[in-house]
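Everything below concerns the one structure shown next.
In our numbering, the protein residues as written are 23 to 323.
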């Protein structure tokens with residue numbers, strides 16, 4: 023019993039010494055960490071506090087040339103008094119294009135594109151002098167109700183599905199889609215068309231009375247038991263007959279776009295949007311500003 027008691031006492035003393043040593047080390051690390059944390063705080067609190075600001079826009083869609091109304095709340099915890107506020111915005115242009123041919127049945131021929139480009143970096147468009155009379159005790163902040171301008175030259179452009187396609191429309195095609203687009207569209211479409219596509223187009227445009235009888239041969243489909251119509255086979259190929267080619271070459275570009283509703287399948291839309299933010303600046307030129315988000319993106323019509 024004495025031997026066991028002695029061993030127990032020895033073990034207890036050794037463990038106690040280890041615990042004390044561990045506590046001592048932990049304390050050192052703790053003090054070191056506290057010192058480091060204090061130093062970090064000293065490093066983080068650098069410079070002067072900028073004003074705080076929040077705002078809301080009256081609408082995210084406005085007519086180009088009209089003003090955008092807003093309500094802003096701001097305050098400052100810094101030593102320098104507030105001087106003024108400024109509204110800034112950049113400009114982005116989005117263009118959507120679409121042209122299609124409704125005559126094809128073996129495939130869908132559609133050319134479409136959407137491009138967005140930043141046309142102008144952010145610049146100041148309005149400035150407001152600070153006034154102590156703007157203080158709102160309920161909000162515990164200054165409340166500014168104001169507006170900023172937009173340019174009338176930024177109105178949207180929309181040209182789509184015209185019911186008449188004349189000389190003016192051909193000029194618009196060149197302006198919006200490029201000088202050679204119409205010919206490229208027509209050539210690319212031809213290279214993809216099958217017999218059934220030519221048949222629907224030619225008969226729909228009243229270019230031939232009986233396309234099947236004039237230009238097509240037929241072959242029995244053993245799987246379906248029906249007849250497949252195609253151009254005549256020449257040396258194992260089914261080339262487009264020269265007479266069909268010559269008719270296609272005479273088709274005006276506009277006729278390739280006409281659909282059953284008598285509208286031309288072409289669309290062009292250009293629209294501008296602005297990303298706005300507000301700055302509040304004190305007399306030491308410290309500035310606080312709002313972040314750009316979907317809530318501050320404005321579409322111009």
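No residue lacks a Cβ here, since even glycine has one placed at the ideal position from N, Cα and C.
For secondary structure counted as the alpha helix (DSSP H) over 4 or more consecutive residues, the stretch 221 to 258 holds these complete runs in sequence order: 233 to 237.
When DSSP states are grouped into helix, strand and coil, residue 161 belongs to the coil group. The beta-carbon distance between residue 96 and residue 162, rounded to whole angstroms, is 11 Å. This is too long to meet the 8 Å contact definition. With 16 or more other CB atoms across the displayed protein chains lying within 10 angstroms of its CB, residue 301 is buried. A direct Cα-to-Cα measurement between residue 85 and residue 113 gives close to 15 Å. Put simply, the backbone Cα of residue 76 is about 6 Å away from that of residue 94. Linking residue 109 to residue 303 through their CA atoms gives a straight-line distance of about 11 Å. Going by C-alpha positions, residue 293 is about 12 Å away from residue 119. Our two residues, residue 224 and residue 121, have alpha carbons roughly 20 Å apart in a direct line.
Three or more Cβ pairs closer than 8 Å define a contact, and the stretch 140 to 150 falls short of that threshold against the stretch 203 to 210. Distance from residue 172 to residue 322 at the Cβ level is roughly 6 Å; contact confirmed, criterion being Cβ atoms closer than 8 Å.
Minimum Cα-Cα distance from residue 154 among the listed residues 116, 104 and 125 corresponds to 104.
Under the three-state reduction of DSSP, residue 175 is assigned to helix.
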